[in-house]
Amino acid sequence: MLKIPKIDAPALPAELTGSSGAVACNNWAADYPYAPKTTFTAAHNGTHLLLTFRVEEECTKAEVTEDNGPVWTDSAVEFFISFDDTGYYNFEFSCIGKALLGFRKTKPDVTHAAPEVMRTILRRSSLGGTNFAERRGDNRWELDVAIPATAFFAHRFASLDGLKARANVYKCGDDLSRPHFLSWQPIGTEKPNFHVPEYFGDIEFE
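The sequence shown begins at 3 in our numbering and counts up one residue at a time.
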C-alpha cells in the first residue's frame, strides 16, 4: 500500500515532499536488459495529484510535438490508475512534458481526454519544452506534474481526499537506441505491456 500524503502546497511546488518509490522492476530483462534509474514522489493537495519523476539514462529524446501523441516512443514516464472496475486512466508524459491521457477498460477500448482537459494538467520539465532528437550520454532530468481531480474525466471527483485506488508507474522509451520497459509494481506478462490493471498496486490518498 502506497500512502499518498496530503500536503499544503501549490500545484507545482519548488520541491515536492511525499511518498517515494523506485520504478525498478525490469520484467522483460532477457529481451530488454537496459534499466535506467527512475524514481517518483507522489503527494496531493486535495485538488491535484502531484508527481515528480527523476530519471538518469543514457539515451533521451523528445520528438513528439503535441499532446495525445505517441509520447511512449520518446523518453517517457507514465502513471496508470484505477479507482473502480469501470476502467483505468493512463497518464503518459515525455521528458519535456508532452502528455497523453486516456480512460479505458482494455488497451484498445479508449476514450482520450479532450484538449480542454489536457490543458489543465500542469507540467514542468528540467529539460524545458523544446523538442530534440536523441541525445547520448549521462542524461538526467526531472518532470513535475500536477493532475487536477477534474482530469479524471470519467468520474466526478470534487476532491482527492480519502480516495482508494490501484496504480502502477512506468518508465519507457520504445524508439530509443536502448529501449526499456520498467515498472514500479512487477508485471507477469510474457511481453512488454503496461495496460494490465491486474498488476496494479494499492494506493490511498490521505
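C-beta atoms are modelled at their ideal positions from N, C-alpha and C, and glycine is treated no differently.
Touching or not, the stretch 177 to 185 and the stretch 81 to 97, by the rule of three or more beta carbon pairs under 8 Å?
Contact fails between the stretch 177 to 185 and the stretch 81 to 97, because fewer than three Cβ pairs, one in each stretch, are under 8 Å apart.
Sequence ranges, alpha helix (DSSP H) only - wholly within the stretch 90 to 134, length at least 4
Fully enclosed alpha helix (DSSP H) runs of 4 or longer: 117 to 120.
Simplified DSSP assignment, three categories, for ALA45
It is a strand residue.
In the stretch 120 to 203, which residue ranges form an unbroken beta strand (DSSP E) of at least 3 residues, counting only runs that do not cross its ends?
If we require 3 residues or more, the beta strand (DSSP E) runs fully inside the stretch 120 to 203 come out as 124 to 127, 134 to 150, 166 to 174, 183 to 185.
Just tell me which of TRP74, HIS197, VAL198 has its CA closest to the CA of GLY175.
For the residues TRP74, HIS197, VAL198, the minimum Cα distance to GLY175 belongs to TRP74.
Can you tell which of LEU178, PHE154, ASP10, GLU144 has its C-alpha closest to the C-alpha of ASP86?
That would be PHE154, whose Cα lies nearest to the Cα of ASP86.
Residues near ARG138 in its chain [Cβ-Cβ closer than 8 Å; skip 5 each side]
Excluding residues up to 5 positions away in sequence, GLU60, CYS61, SER179 lie with their Cβ nearer than 8 Å to the Cβ of ARG138 in the same chain.
Just grab the DSSP bridge partners of ILE9 for me.
Beta-bridge pairing links ILE9 to no other residue.
Presumed contact (8 Å Cβ cut-off) between VAL171 and GLY20, rounded CB distance
Actually they do not touch by this definition, with Cβ atoms about 13 Å apart.
ASP140 to LYS39, Cα distance in whole Å?
Rounded to the nearest angstrom, the two C-alpha atoms are 11 Å apart.
Grouping DSSP H, G and I as helix and E and B as strand, with all else coil, what is THR67?
In the three-state reduction of the DSSP assignment, THR67 falls in the coil class, being assigned neither a helical nor a strand state.
Are LYS210 and GLU206 closer than 8 Å when you measure CB to CB?
Residue 210 lies beyond the residue range present for the chain, which begins at 3 and ends at 208; the question has no answer from this structure.
Measure from the alpha carbon of THR152 to the alpha carbon of each residue in SER161, ASP146, LEU145, then state which is nearest.
Nearest of SER161, ASP146, LEU145 to THR152, Cα basis: SER161.
Nearest to GLU192 (by Cα), restricted to the options ASP76, LEU18, PRO7, TRP30:
The option with the nearest alpha carbon to GLU192 is TRP30.
Coil, strand or helix - VAL79 by DSSP
Three-state DSSP puts VAL79 in a strand.
What are the partner residues of LEU52, as DSSP defines its beta bridges?
Paired residue(s): ALA45, ALA148.
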